[in-house]
Amino acid sequence: QSALTQPPSASGSPGQSVTISCTGTNRDVGRYNSVSWYQQHPGKAPKLLIYEVTKRPSGVPDRFSGSKSGSTASLTVSGLQAEDEADYYCCSFAASNTYVFGTGTKVTVL
Amino acid sequence: EVQVVESGGGLVQPGGSLRLSCAASGFTLNTHWVHWARQAPGKGLEWVSQIDPNGNGRSYADSVTGRFTTSRDNAESTVYLQMNSLRPEDTAVYYCARGGVLYAVDMWGQGTMVTVSS
Chain X
1 QSALTQPPSA SGSPGQSVTI SCTGTNRDVG RYNSVSWYQQ HPGKAPKLLI YEVTKRPSGV
61 PDRFSGSKSG STASLTVSGL QAEDEADYYC CSFAASNTYV FGTGTKVTVL
Chain L
1001 EVQVVESGGG LVQPGGSLRL SCAASGFTLN THWVHWARQA PGKGLEWVSQ IDPNGNGRSY
1061 ADSVTGRFTT SRDNAESTVY LQMNSLRPED TAVYYCARGG VLYAVDMWGQ GTMVTVSS
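So the protein sequences, as listed, match chains X and L.
Counting in our numbering, the first sequence runs from 1 upward without gaps.
Counting in our numbering, the second sequence runs from 1001 upward without gaps.
This is the structure:
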């Protein structure tokens, strides 16, 4: 159950787009269409942004989108806004009916 | 307000035990998978365990297998995380979360802090 690999940081100016990668293996990301993405502001609980790779819960802006190719999933935040500055985590269903989170990416809005 | 609420955190010595509880407000937990995740100070999220609506299906992260047990009392609409043989590396904020969508959690509690220290 090794953590999925994410870049430690990403940044962009307001209005720009930023894409965060999430690399796993053929035992998790590559096997299941079950990647989810969470946003976490400092001192707060995580918030679900994307589930089943591409689906958005109601209330999540369509500026947030997900995709997957092989064992790497990605989250794109378009039209960056100041409130998007937060930590982002991917998560995947994995073997033995378990889950594994990514290492996390801190997004900075310049 | 629709939310999940954890309780039971605190300070415990290494080797000790603690039981966390997770209750729902504004909806019933009884029909949902429930997950536990944790976050050590300044670190990332780590998935800990899950339990199915009937309490028959459970799974755990390798790091807690054999030491932690999740259970539920649907009559009380409460889910528990029994933590035994606690280690300093178990120190973290523990979150309860509702598995409201397929393969993901759509509602998180505010977390409860567990500190393992002598």
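Even glycine gets a Cβ: it sits at the ideal position worked out from N, Cα and C.
Owing to the predicted nature of the structure, the values given are computational and were not obtained by experimental measurement.
Are the C-beta of Gln1003/L and some C-beta of chain X separated by less than 7 Å? no
With a cut-off of 7 Å, does the C-beta of Leu1102/L fall near any C-beta of chain X? yes
Give a yes or no on whether 7 Å exceeds the smallest Cβ distance from Ala1092/L to chain X. Taking Cβ atoms only, chain X never reaches closer than 7 Å to Ala1092/L, which makes this a no.
For Phe93/X: DSSP bridge partner residues: Bridge partners of Phe93/X according to DSSP: Tyr99/X.
Start-end ranges of the beta strand (DSSP E) lying completely within the region 16-44 of chain X, minimum 3 residues: If only complete runs of 3 or more residues are kept, the region 16-44 of chain X shows the beta strand (DSSP E) at 18-23 and 36-40, in order along the chain.
With distance defined between alpha-carbon atoms, name the residue in Tyr1103/L, Val1105/L and Ala1092/L nearest to Met1011/L. For the record, residue 1011/L in the displayed sequence is Leu; it is not Met. Comparing alpha carbon positions, the residue from Tyr1103/L, Val1105/L and Ala1092/L closest to Leu1011/L is Ala1092/L.
Which residues in the same chain have their Cβ closer than 8 Å to the Cβ of Ser1077/L, if we skip the five residues on either side of it in sequence? Ala1023, Ala1024, Thr1028, Leu1029 and Asn1030
Counting pairs of Cβ atoms below 8 Å between the region 60-79 of chain X and the region 22-30 of chain X, do you hit three or more? yes
Span of the beta strand (DSSP E) around Val1119/L: Since the first and last residues shown for chain L are 1001 and 1118, residue 1119/L lies out of range.
Which bits of chain L does Pro57/X rub up against, with CB to CB less than 9 Å? Within 9 Å Cβ-Cβ: Gly1100, Val1101, Ala1104 and Asp1106.
Measure from the C-beta of Asp1062/L to each C-beta in chain X and report whether the shortest distance is under 7 Å. yes
Exposed or buried, what is Val77/X when buried is set at 16 or more other beta-carbons lying within 10 Å of its beta-carbon? buried
Let's see if you can read the secondary structure: which residues bound the beta strand (DSSP E) around Glu1046/L? Leu1045 to Ile1051
Got a sec: is the Cβ-Cβ distance from Asn26/X to anything in chain L below 7 Å? no
In or out: Ser1049/L buried (at least 16 other Cβ within 10 Å) or exposed? The residue is buried, with at least 16 neighbouring Cβ atoms inside 10 Å.
Proximity below 7 Å, CB of Ser92/X to CB of Ser34/X: yes
Tell me whether Met1113/L is buried or exposed, calling it buried when 16 or more other Cβ atoms sit within 10 Å of its Cβ. When all chains shown are included, Met1113/L counts as exposed.
At least three beta-carbon pairs within less than 8 Å, the region 1-10 of chain X to the region 18-25 of chain X: yes
Taking the C-alpha atoms as reference points, what is the distance between Arg1072/L and Ile50/X? 27 Å
From Tyr38/X, Lys44/X, Gln6/X and Ala3/X, residue whose alpha carbon lies closest to that of Gly1111/L: Lys44/X
Could you tell me which chain L residues have their CB closer than 8 Å to the CB of Glu52/X, listed as they occur along the chain? Val1101, Leu1102, Tyr1103 and Ala1104
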